[in-house]
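A.B. asks:
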Amino acid sequence: MNFVAMDFETANSKRYSACSIALTIVRDSQVVDEFYSLIKPDTPFSWRNEKIHGIHTADVSTAPDFPAVWPHMAPFFQRNRLVVAHNANFDIGVLRSCLEHYQLQQPEYLALDTVKTSRQFFPEFPNHKLDTVCRELEIDLYHHHNALDDSLACANILLCEANQFGTAPLQKLVKVIA
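Residue numbering for the sequence shown is 170 to 347, as defined by the numbering used here.
(1) Distance, Cα to Cα, K220 vs Q275?
(2) Compute the distance between the beta-carbons of D300 and H313, then report whether it is under 7 angstroms.
(3) Return helix, strand or coil for F291, following the three-state DSSP convention.
(4) List the endpoints of the continuous alpha helix (DSSP H) containing I221.
(5) Less than 8 angstroms between C-beta atoms, sequence neighbours within five positions excluded: which residues of the same chain meet that for N355?
(6) Looking only at C-alpha atoms, which of A254, H270 and L268 sits nearest to A280?
(7) Could you pull the DSSP bridge partners for V252 from this structure?
(8) Look at the Cβ atom of A191, then the Cβ atom of D176, and state whether they are nearer than 7 angstroms.
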């Protein structure tokens, strides 16, 4: 399998308030690279979000803004490239909102949500939150809500599912994002 797993963390409830991004690149069913960056949002942090992910205003004071980070990410968001996220509606929404907020062109790519795949393949799990799925599948999740650890865990969930069930049932759940 070839895909990119992504995870965003946000500064507050506004979807365009990305404060960190991680991508885990998988080629031939092997993790081959990772990308991580803090992002300086143009909106203040909420104490609720800080409590969840531990990123504060001071942590991003010298970080690039989203338009400076996007050129490093954009090559992974192209037609016929698969992008995976756990709770993809959130991460796709953050990406879409950031691109819209900064007036950058929206890419077309393929998307797959490991919340949906885990619900389909493992309905017996108590829930399908990232930490629960990782625990049930014995996948390491070192620091939940650290974007890099979360994107790696998401990649490993999909690899586990592909190994157990094959890629055909996964392909049926892929959506085009345009």
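Quick reminder that beta carbons are idealized off the backbone N, C-alpha and C, glycines included.
C.D. replies: For this structure:
(1) The residue given as residue 220 occupies position 51 in the sequence shown. The residue given as residue 275 occupies position 106 in the sequence shown. If you draw a straight line from the Cα of K220 to the Cα of Q275, it is about 31 angstroms long.
(2) As a working mapping, residue 300 is identified with position 131 in the sequence shown. As a working mapping, residue 313 is identified with position 144 in the sequence shown. Yes, these two residues count as a Cβ contact at 7 angstroms.
(3) As a first step, residue 291 is located in the sequence shown; it is residue number 122 there, counting from the start. In this structure, F291 counts as coil in the three-state DSSP scheme.
(4) Here residue 221 is taken as the residue at index 52 of the sequence shown, counted from 1. Its alpha helix (DSSP H) spans residues W216 to H222.
(5) The first residue shown for the chain is 170 and the last is 347, placing residue 355 beyond what the model contains.
(6) The count along the sequence shown starts at 1 and reaches residue 280 at position 111. Of the candidates A254, H270 and L268, the one whose C-alpha sits nearest the C-alpha of A280 is A254.
(7) Numbered from 1 along the sequence shown, position 83 holds the residue referred to as residue 252. Answer is V173 and A280, bridged to V252.
(8) For this step, residue 191 is matched to residue 22 along the sequence shown. For this step, residue 176 is matched to residue 7 along the sequence shown. Cβ distance < 7 angstroms, so A191 and D176 count as in contact.
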